[in-house]
Amino acid sequence: MLLAGSERLDIFLGISVLGVCPPGKPARWFDVANALDGWNRAQVEVDLVRGERKTRVRARVWLSGSLARPFMLPVLPGLTRGQDAIKVAQTMCAEATGLAGPCRVWLDDWVKNQDCLAVAMEQSLVDAIEAGAGQGQIVLDGLQPWWSEVLRASLNLAERPSLLAIDDGEALTVLGGSMEGFTTAVGYGHATPEQIESIVSRAMMIGGQANERAVLVRRCKSDDRVAPTQETDLDVIFGATLEQMK
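With my numbering applied, the sequence shown has no gaps in its numbers, which climb one by one up to 248 at the end.
Structure below.
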């Protein structure tokens, strides 16, 4: 299958799993040894999709919460420029996220004297992805966490949640806040249902949202989706179900 100019491939990249979804076709899933192994396999899959004609392929890379981890950048007196805020956030990465080595940091609409959502990715992984894309004739249309797509879709729901617990299969990302901005942004490793319930309850209490609405979003493990009674499909790439927790 050849990709037309307006079509693009979607890639889910984690530390243990890789998903590749060509336009109009179901996603294919692979177990991988680590993120770099997954990205190498993704490039092989892109070559297969491209076929014999060596045309450039447009692709969006969606990172697992194990690779793109959120944290809150607090208000820092005297900070007046976004570039300075990024530099400060970079110094906080290791302690806030557990990621090792230098990180690339992205800030969500940083405004002076307001807490801000930050996202950290290891710079070495970003460099590897960008270098591999260049060598493999891949046009990167996006490199972002999969949970950001879940957040976008959840904000379009008729009843917006106050807190999102996003389970992508290998990491749990918890985001909370209101129309005024984020108050909670924490990344965890793989969590059991009991652990997720405890984490969400604690986050609601800490964020002062004990009486608000919390939902759990789970990435579909395959295209065979059999949703339990209290779950609904969420329209995101690679598919997800949404369950109201309280």
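Glycine included, C-beta positions come from ideal geometry on N, C-alpha and C.
Since CYS95 is in the alpha helix (DSSP H), which residue starts that stretch and which ends it?
-> 84–99
Indicate the three-state DSSP secondary structure (helix, strand or coil) for GLN116 in the structure shown.
-> coil
Count the C-beta pairs between the region 178–191 and the region 76–84 that are closer than 8 Å, then say yes if the count reaches three, no if not.
-> no
Backbone secondary structure at LEU38 - three-state DSSP = Collapsing the DSSP output to three states places LEU38 in a helix.
Straight-line CA distance for ARG221 to ALA242?
-> 4 Å
For ALA187, which three-state DSSP category applies?
-> strand
Could you check the C-alpha separation between VAL22 and ASP129 for me, to the nearest Å?
-> 20 Å
CA-CA distance, GLU214 and ALA120?
-> Each residue's alpha carbon lies about 23 Å from the other.
Use the C-beta contact count for GLU97: other C-beta atoms within 10 angstroms, 16 or more gives buried, fewer gives exposed.
-> exposed
Mind checking whether ARG60 and ASP143 have CB atoms under 8 Å apart?
-> Their beta carbons are under 8 Å apart, which means ARG60 touches ASP143 by this criterion.
Beta carbon of VAL48, beta carbon of VAL34: below 8 Å?
-> no
Local Cβ density within 10 Å of ARG227, reported as buried at 16 or more and exposed below that | Below a pLDDT of 50, predicted positions are generally treated as unreliable, and ARG227, at 44, falls in that range; no measurement from the model is reported.
Could you say which of VAL219, ASP86, LYS223 lies nearest to GLN246 if we only look at CA atoms?
-> It is VAL219.
Secondary structure at ARG154, three-state DSSP: helix, strand or coil?
-> helix
Span separating the alpha-carbon of GLN45 from that of GLU196 = 37 Å
With a CB to CB cut of under 7 Å and the five nearest residues on each side skipped, what residues in its chain are close to ALA91?
-> LEU75, VAL107, LEU109, ALA120
Look at the Cβ atom of MET207, then the Cβ atom of ALA216, and state whether they are nearer than 8 Å.
-> For MET207 and ALA216, no; Cβs fall outside 8 Å.
Straight-line gap, LEU127 to ALA102 (C-alpha atoms, nearest Å) | 11 Å
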